[in-house]
Amino acid sequence: MKALGVIFIGMFFLSACDNESTSTRYLCNNHAVELTTQNEAATLTLNEQAYSLTKEPSASGAKYISERVLFWSKANEAMLFISGNKYRCKLTNANLQ
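Take the working numbering: the last position of the sequence shown gets the number 181, and nothing is skipped along the way.
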């Protein structure tokens with residue numbers, strides 16, 4: 085019975101970690117961009133405009149998309165496409181949380 089309690093508490097804390105959001109800032113063609121991720125979803129903010137994105141499988145790095153936006157990051161760099169406009173991005177911080 086005691087072991088079940090320990091397992092339950094451990095699972096509770098692990099599941100709570102999955103719901104944490106992480107914000108990362110990039111500089112994309114001299115525009116500040118913030119990407120906030122939580123589980124399989126993300127919000128990208130550029131010029132006070134927020135875009136809701138969904139995580140997609142990627143061979144490497146992280147890729148988030150919507151109908152109008154594609155954001156793909158790997159290491160300290162990223163590519164951003166919004167309505168046909170292409171931005172090259174550099175990481176400006178590791179994590180904001």
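Glycine included, C-beta positions come from ideal geometry on N, C-alpha and C.
These figures come from a predicted structure and were not determined experimentally.
Between which residues of its own chain and residue i is the CB-CB distance below 6 Å, once the five residues before and five after are set aside?
i: residue 164; result: 112, 155, 171 and 173
i: residue 129; result: 118
i: residue 103; result: none
Could you tell me which residues DSSP pairs with residue i in its beta bridges?
i: residue 161; result: 158 and 174
i: residue 140; result: 147
Pop quiz: residue i and residue j are said to be a contact at Cβ under 8 Å. What is the actual Cβ separation, rounded to whole angstroms?
i: residue 143; j: residue 157; result: Going by Cβ atoms, the distance from residue 143 to residue 157 rounds to 13 Å, so no, they are not a contact pair.
i: residue 139; j: residue 124; result: 5 Å
i: residue 109; j: residue 177; result: 5 Å
Here's a check: name, in chain order, each residue in its chain whose Cβ is nearer than 8 Å to the Cβ of residue i, leaving out the five neighbours to either side.
i: residue 105; result: 120, 121, 122 and 181
i: residue 97; result: Here the model assigns residue 97 a pLDDT of 45, short of 50, so the residue's position is not dependable and the matter cannot be decided.
i: residue 168; result: none
i: residue 150; result: 135, 136, 137 and 138
i: residue 115; result: 130, 131 and 171
i: residue 213; result: Residue 213 is absent from the structure shown; the chain starts at 85 and stops at 181.
- Task: Let me know the beta strand (DSSP E) ranges lying completely inside the segment 99-130, each 3 residues or longer, listed in chain order.
- Result: 106-112, 115-122 and 125-130
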